[in-house]
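Residue numbers (the working numbering): 1 to 260.
The C-beta atom is built at its ideal place from N, Cα and C for all residues, glycine as well.
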DNA sequence: ATTGTGGCCTGCCCGC
DNA sequence: TGCGGGCAGGCCACAA
């Protein structure tokens with residue numbers, strides 16, 4: 001499950017693709033091309049040009065072309081970025097380590113012989129030219145307290161669902177959100193708009209430190225709750241049996257004793 | 001607008 | 001040993 005941390009690793013890896021003239025594009029899977037993007041348009045926009053910047057908004061990776069168009073890459077749950085046969089992450093939870101050539105849904109060959117590839121077994125990711133960037137909320141890795149406040153304000157949705165709503169905060173997925181709320185000792189089911197200022201600041205603090213720490217450790221799957229995130233798991237802090245629920249349409253683990 | 005639900009995709013794991 | 005069902009979750013369409 002690439003979440004914001006994995007896409008940040010991909011963005012750093014993607015620096016290696018900058019300023020290398022593009023010789024050809026392979027987009028064999030039409031289903032993988034989103035919006036009005038098709039193989040012919042991709043070839044027309046990319047070939048002969050180069051990527052000049054690698055940006056990221058939440059889980060969306062953006063490679064800017066010299067001509068002004070942006071190539072948007074979404075990785076879904078199992079998407080992996082490879083450049084010149086190096087991968088952006090060592091291991092992706094739920095993604096296979098196999099490198100089946102059939103799983104390459106999109107690739108860009110550079111004039112120097114190197115290649116950028118998107119490998120995605122389950123085809124939940126996608127490629128789109130000029131994706132709608134303005135539909136994404138504030139980026140979670142640089143989220144300010146004011147941005148968190150405005151993202152939660154007035155919402156009656158469960159706190160977890162609101163934190164994962166990419167239109168309000170971009171980048172948080174299921175594992176990171178469970179980890180953050182567990183560290184902040186907050187019930188994922190609490191109505192998002194009902195946090196008082198003190199509690200909201202606590203959440204903001206844990207959100208920032210969790211992302212920083214897990215980015216250092218190596219990814220979304222390195223959280224402290226992770227080892228217990230299975231049926232029958234118990235809280236790594238207090239030992240209580242963890243609660244397993246569906247919140248915001250996602251399997252959610254929380255400690256009923258500590259998270260209030 | 002907000003919130004909830006279902007479906008997409010398919011590899012993998014478990015139980016029989 | 002093979003098979004079938006459930007599960008994983010990012011994202012979108014849709015309904016109320």
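Buried or exposed: which applies to residue i, given that a residue is buried once 16 or more other Cβ atoms fall within 10 Å of its Cβ?
{"i": "residue 25", "result": "buried"}
{"i": "residue 235", "result": "buried"}
{"i": "residue 178", "result": "buried"}
{"i": "residue 33", "result": "buried"}
{"i": "residue 15", "result": "exposed"}
{"i": "residue 12", "result": "exposed"}
{"i": "residue 260", "result": "exposed"}
{"i": "residue 170", "result": "buried"}
{"i": "residue 156", "result": "exposed"}
{"i": "residue 81", "result": "buried"}
{"i": "residue 209", "result": "exposed"}
Compute the Euclidean distance between the alpha carbons of residue i and residue j, then round it to the nearest angstrom.
{"i": "residue 253", "j": "residue 108", "result": "39 Å"}
{"i": "residue 66", "j": "residue 218", "result": "32 Å"}
{"i": "residue 194", "j": "residue 154", "result": "8 Å"}
{"i": "residue 71", "j": "residue 257", "result": "46 Å"}
{"i": "residue 46", "j": "residue 225", "result": "42 Å"}
{"i": "residue 185", "j": "residue 136", "result": "27 Å"}
{"i": "residue 306", "j": "residue 145", "result": "Lying before the first or after the last residue shown, residue 306 is absent from the chain, which here runs from 1 to 260."}
{"i": "residue 68", "j": "residue 49", "result": "10 Å"}
{"i": "residue 53", "j": "residue 152", "result": "32 Å"}
{"i": "residue 44", "j": "residue 30", "result": "16 Å"}
{"i": "residue 204", "j": "residue 191", "result": "16 Å"}
{"i": "residue 18", "j": "residue 249", "result": "38 Å"}
{"i": "residue 77", "j": "residue 22", "result": "27 Å"}
{"i": "residue 143", "j": "residue 57", "result": "12 Å"}
{"i": "residue 199", "j": "residue 55", "result": "32 Å"}
Would you please state the rounded distance, in angstroms, between the beta carbons of residue i and residue j? I believe it to be under 8 Å.
{"i": "residue 59", "j": "residue 2", "result": "7 Å"}
{"i": "residue 105", "j": "residue 120", "result": "5 Å"}
{"i": "residue 180", "j": "residue 141", "result": "Not quite, the Cβ-Cβ distance comes to about 13 Å (not below 8 Å), so this is no contact."}
{"i": "residue 64", "j": "residue 115", "result": "Not really, about 19 Å apart at Cβ, beyond 8 Å."}
{"i": "residue 163", "j": "residue 175", "result": "About 12 Å separates the two Cβ atoms, so there is no contact after all."}
{"i": "residue 75", "j": "residue 7", "result": "7 Å"}
{"i": "residue 220", "j": "residue 5", "result": "5 Å"}
{"i": "residue 158", "j": "residue 247", "result": "5 Å"}
Comparing alpha-carbon positions, which option in the options lies nearest residue i?
{"i": "residue 111", "options": "170, 122, 79 and 20", "result": "20"}
{"i": "residue 123", "options": "27, 215 and 48", "result": "27"}
{"i": "residue 242", "options": "29, 148, 188 and 249", "result": "188"}
{"i": "residue 36", "options": "11, 126 and 18", "result": "126"}
{"i": "residue 79", "options": "10, 49, 158 and 215", "result": "10"}
{"i": "residue 201", "options": "148, 231 and 247", "result": "148"}
{"i": "residue 237", "options": "245, 228 and 212", "result": "228"}
{"i": "residue 41", "options": "246, 129, 113 and 88", "result": "129"}
{"i": "residue 240", "options": "192, 190 and 182", "result": "182"}
{"i": "residue 231", "options": "211, 198, 255 and 215", "result": "255"}
{"i": "residue 139", "options": "118, 160 and 167", "result": "167"}
{"i": "residue 88", "options": "215, 245 and 160", "result": "215"}
Just to confirm, does residue i get its C-beta within under 7 Å of one of the non-hydrogen atoms of the ligand MN?
{"i": "residue 4", "result": "Summarising the ligand content, the structure contains no ligands, and the ligand MN is consequently not present."}
Enumerated in chain order, which unbroken segments of the alpha helix (DSSP H) with a length of 4 residues or greater are wholly contained in the region 176–237?
-> Counting whole runs of 4 or more residues, the region 176–237 contains the alpha helix (DSSP H) stretches 197–217.
Complete alpha helix (DSSP H) runs within the region 99–160 (minimum length 4 residues, chain order) | Runs of the alpha helix (DSSP H) inside the region 99–160: 145–152.
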